[in-house]
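Peer 1:
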Amino acid sequence: MHLELDGLTRSYGPTTVVDDVSLAIEKGCFLALLGPSGCGKTTTLRMIAGLERPDAGRVLVGGEDITALPPYRRGLGVVFQSYALFPHMSVIGNIGFGLEMQGVARTERQRRAQAALELVGLGAHAGKRVRQLSGGQQQRVALARALTIEPRVLLLDEPLSALDAKLREELRAEMRQIQRRAGITAVFVTHDQAEALAMADLVAVMNAGRIEQLGTPETVFERPSTAFVARFVGRSARFEARLQDGRAHVAGTTLRGDGLPSGGRADIYVRPHRIRLLSRDASEDNVLDGSIASLDYTGEVMQVTVETGAGRVPVDVGTFDNAWRSLRVGQNVRLGWRAADTLSFPL
Amino acid sequence: MNGATSTRRLSGWLLAAPALGLLALAFLWPMLTLARMSLNETSDTGAMIEAWSLSTYARLAADSFNWRLTLDSLSLSAFAATTAVILGYPMALFLFRTRSRFRTLLTIMAVAPLLVSGTARVIGWLAILGDHGLINSVLISVGLPTVPLINNLAGVRIGLTESVMPYTILALLAGFGRLDARLEEAAATLGARPMRAFWRVTFPLTIPAVSAGWLLAFALSISAFITPHLMGGGRVFVLATEIYDAATQTLDWPAAAALSIYALVLLLILMAAHAAVTRRLTP
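So the sequences go chain by chain: A and B. Here this note's numbering runs 26 ahead of the position in the first sequence, where the first position is 1. Here this note's numbering runs 32 ahead of the position in the second sequence, where the first position is 1.
#1: Mark A:A366 as exposed unless 16 or more other C-beta atoms lie within 10 angstroms of its C-beta, in which case mark it buried.
#2: Within 10 angstroms of its Cβ, does B:V285 collect 16 or more other Cβ (buried), or is it exposed?
#3: Using a C-beta to C-beta distance shorter than 8 Å, which residues of chain A count as neighbours of B:G209?
#4: What's the gap between the Cα of A:A253 and the Cα of A:D293?
#5: List the residues of chain A whose Cβ lies closer than 9 Å to the Cβ of B:R228, in chain order.
#6: Could you check whether the Cβ of A:V130 sits closer than 8 Å to any Cβ belonging to chain B?
#7: Consider the Cβ of A:Q104: report whether some Cβ of chain B lies at a distance smaller than 8 Å.
#8: Does the segment 114 to 126 of chain B come close enough to the segment 242 to 249 of chain B to have 3 or more Cβ pairs within less than 8 Å?
#9: Only counting the same chain, and skipping five residues up and downstream in sequence, which positions put a Cβ closer than 6 Å to that of A:T93?
#10: May I have the straight-line CA-CA distance separating A:L361 from A:S317, to the nearest angstrom?
#11: What does a CB cutoff of less than 7 Å around A:D342 pick up in its chain, not counting 5 residues either side in sequence?
#12: Name, please, each residue of chain D whose Cβ falls closer than 7 Å to the Cβ of A:A75.
#13: Checking 8 Å against the spacing of the C-beta atoms, do B:G150 and B:I258 come in under that value?
#14: Count the other C-beta atoms from every protein chain shown that fall within 10 angstroms of the C-beta of A:W363, then say buried if there are 16 or more, exposed otherwise.
#15: Identify whether A:M328 lies in helix, strand or coil by the three-state DSSP scheme.
#16: What does A:I118 reach in chain B if we use C-beta pairs closer than 9 Å?
#17: For chain B, is any of its Cβ atoms less than 8 Å away from the one on A:A110?
#18: Applying the 10 Å Cβ sphere with the 16-neighbour rule, what's the burial state of A:A82?
#19: I want to see whether chain B comes within less than 8 Å of A:F346, judged by CB atoms only; does it?
#20: Between A:T41 and A:T69, what straight-line distance do the alpha-carbon atoms span, to the nearest angstrom?
#21: Give, in chain order, every residue of the segment 187 to 219 of chain B whose Cβ lies closer than 8 Å to some Cβ of chain A.
#22: Mapping the DSSP letters down to three states, classify A:F112 as helix, strand or coil.
#23: Am I right that B:I275 and B:A256 are in contact with their C-beta atoms under 8 Å? What's the rounded C-beta distance?
#24: In this structure, does DSSP put B:M80 in helix, strand or coil?
#25: Can you grab the Cα-Cα spacing for the pair A:Q163 / B:L202, in whole Å?
#26: Would you decide whether B:H164 is buried or exposed? Buried here means 16 or more other CB atoms lie within 10 Å of its CB.
#27: Quick check: A:G122 and A:A139, are their CB atoms within less than 8 Å of each other?
#28: Along the segment 160 to 177 of chain A, what residues have a CB closer than 9 Å to any CB found in chain B?
#29: Using a Cβ cut-off of 7 Å, pull out every chain B residue sitting near A:G124, in sequence order please.
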């Protein structure tokens, strides 16, 4: 394992911000720390970087315990949310800073900094002042600056949050590509689930200082292990159910699911893209009748909200064929989903 | 559109009017009076004679004492300003950075000397630096020779530095402005040891603040009167003490006025030079 966190804990006064966080990732892995603000993800990142001291726990890189090392002896690259570029230096001066600290000679420094600049597609801007660059360009300079020192791990703190939506998506793919090509191990912090799912090999969903789930984007999205993860990542239909004999009883209806516990109470979640509107004679493991309460057209899908006896259920209807065009508010519909798509979390 | 602009301009002038009026009354008018007086002449008996001549300036320029006075004033002020910046910088940076809940208290303590009159502060210094003061008592008690620290240049230097330091700290604090602690963190993650990060990142970014703090301290030092007067014990001569003597002792008002105008022009020239240098140093 290339990067290991072992029981990292950090408190500010009476509040424990990071609570016994442990994980291990392999070389070349791109890990996302995903969670709402205040969940401890940035503090975790800062403890890896050495900018914050853990109260307990260890950080290991390549098997070496670096917990006691100051940041300047860790050799980890950090991209800050605000980029933290040096305003009094040129672009090339910023990128060459890490090499300057290593005592690399000026010409060699220039050459390698220029190469890093080419890597992020800003070769022509070497001599410019940082503030002459756009936000997206500054972000790339920050990335190039962190990469030039050939860090053992690259740490990114909400690297795209200051950019507008369009640019964010472009840079998402670009950063991913750069990270893959360099074969670098990276940890990035984000509160944007789409960003985490699209970029990461592994996603650690954090809540109140703890890791709720660590898994591939697909697992985290399709098989959330806790109700928090189901709520935080993606949208869901949600029912409160009473369980009996492997069935879930919800307000007069009975729902089927795979491997439901035999008793007790549970929260039932179903993803909107797993729910279909059914024709009158079609059958499905789970079927609910209701009427359309609202229609929200997002371009890719029509988000239909159906008022059923069990509560409001969101349904995503694809816009590939034309069926969605005939939907009207107030229309009576049947909806259904497979038992395998029923997610249950015991209360 | 035009009407709105001119209304706004008018209201701007109206808002500035009370301050401008006060400045005109309390600064501009006395300065003009002073400038006028400096063109008068002094008779052999010492009486002021109404005139429009530069003879007072010529008389002062011919006296080599005044040139030494200028150099002494400049070097003393430069010393006080430089020392105040060097001593005040770490304190200001600490106050700027600290997250301590005592921050406000510490800031107040740093500028507290401003709440005490200059005279009282000088008397405090005499108790420390005097021939029987704290420092010399200690020296005597351990059998060392005493060091004269008052009624000489050393005393004036110490007193002046201390008296301008609160202003320097305030100017530095204001100048640090948006100095971002993240920048030092970024430098650290790129392999910079703390001292290296300071000299390569933090300090260059605070040059404008240092420069402003220095100029303020310099201007205050060169116009300081009480400290050189009381701590110099009449043996340290600077422009301000000389003006005071000319006005109150020898009653040579044209000379006092001409020296005042001279000191003002000197300061204006230095400020212009300072602005030019700062512009070149600013990142």
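All C-beta atoms in this analysis are idealised placements derived from N, C-alpha and C, irrespective of residue type, glycine included.
Peer 2: From the atom records:
#1: In the first sequence, residue 366 of chain A corresponds to position 340, counting from 1. That one is exposed.
#2: Mapped onto the second sequence, residue 285 of chain B falls at position 253. Checking the displayed sequence, the identity of residue 285 of chain B turns out to be Trp instead of Val. B:W285 is buried by the Cβ-count criterion.
#3: The residue labelled residue 209 of chain B in the question sits at position 177 within the second sequence. Within 8 Å Cβ-Cβ: nothing; B:G209 doesn't reach chain A, min ~12 Å.
#4: To locate residue 253 of chain A, count along the first sequence from 1; it is residue 227. To locate residue 293 of chain A, count along the first sequence from 1; it is residue 267. Their Cα atoms are separated by approximately 8 Å.
#5: Residue numbering aside, residue 228 of chain B sits at position 196 when the second sequence is read from its first letter. The contacting residues are Y98 and M127.
#6: Indexing the first sequence from 1 puts residue 130 of chain A at position 104. Chain B, which has no Cβ nearer than 8 Å to the Cβ of A:V130, makes this no.
#7: Mapped onto the first sequence, residue 104 of chain A falls at position 78. The identity of residue 104 of chain A in the sequence shown is Val, whereas the question assumes Gln. With respect to chain B, the C-beta atom of A:V104 has a partner C-beta closer than 8 Å.
#8: yes
#9: Sequence index remark: in the first sequence, residue 93 of chain A carries index 67 (1-based). Answer for A:T93: R84 and V85, listed in chain order.
#10: For the purposes of this step, residue 361 of chain A is identified with residue 335 of the first sequence, where counting begins at 1. For the purposes of this step, residue 317 of chain A is identified with residue 291 of the first sequence, where counting begins at 1. About 10 Å.
#11: For the purposes of this step, residue 342 of chain A is taken as the residue at position 316 of the first sequence. Cβ neighbours of A:D342 beyond the five flanking positions: P298, H299, V327 and Q329.
#12: Absent from the structure: chain D. Protein chains present are A and B.
#13: As a position in the second sequence, residue 150 of chain B is number 118, starting the count at 1. As a position in the second sequence, residue 258 of chain B is number 226, starting the count at 1. Inclusion of B:G150 and B:I258 in the CB contact set at 8 Å is warranted, their separation being smaller than that value.
#14: Locating residue 363 of chain A in the first sequence gives position 337, where the first residue counts as 1. Around the beta carbon of A:W363, 16 or more other beta carbons lie within 10 angstroms, which makes this residue buried.
#15: What you label residue 328 of chain A is simply residue 302 of the first sequence in a count that begins at 1. In the structure shown, A:M328 sits in a strand (DSSP, three-state: E or B).
#16: As a first step, residue 118 of chain A is located in the first sequence; it is residue number 92 there, counting from the start. The contacting residues do not exist; A:I118 stays about 14 Å from chain B at best.
#17: Reading the first sequence from its first residue, position 84 is the one you call residue 110 of chain A. At least one chain B Cβ lies under 8 Å of A:A110.
#18: Here residue 82 of chain A refers to the residue found at position 56 when the first sequence is read from its first residue. A:A82 should be labelled exposed.
#19: Sequence index remark: in the first sequence, residue 346 of chain A carries index 320 (1-based). So, not an interface residue.
#20: Against the first sequence, residue 41 of chain A aligns to sequence position 15. Against the first sequence, residue 69 of chain A aligns to sequence position 43. Distance between the alpha carbons of A:T41 and A:T69 is about 13 Å.
#21: So the close ones are D212, R214, L215, E217, A218 and A219.
#22: Within the first sequence, numbered from 1, the residue matching residue 112 of chain A stands at position 86. A:F112 falls in the coil class under three-state DSSP.
#23: Your numbering for residue 275 of chain B matches position 243 in the second sequence. Your numbering for residue 256 of chain B matches position 224 in the second sequence. Wrong, their Cβ atoms sit about 12 Å apart, outside the cutoff.
#24: Translated into positions along the second sequence, residue 80 of chain B becomes position 48. It is a strand residue.
#25: Counting from one through the first sequence, the residue named residue 163 of chain A turns up at place 137. Counting from one through the second sequence, the residue named residue 202 of chain B turns up at place 170. Our two residues, A:Q163 and B:L202, have alpha carbons roughly 36 Å apart in a direct line.
#26: On the second sequence, residue 164 of chain B is found 132 positions in, with the first residue counted as 1. Per the 10 Å Cβ criterion, exposed.
#27: What you label residue 122 of chain A is simply residue 96 of the first sequence in a count that begins at 1. What you label residue 139 of chain A is simply residue 113 of the first sequence in a count that begins at 1. It is a contact, given that the beta carbons lie within the stated cut-off.
#28: A168, R171, A172, T174, I175 and P177
#29: Residue 124 of chain A sits at position 98 when you count from the first residue of the first sequence. Correct list: L222 and G223.
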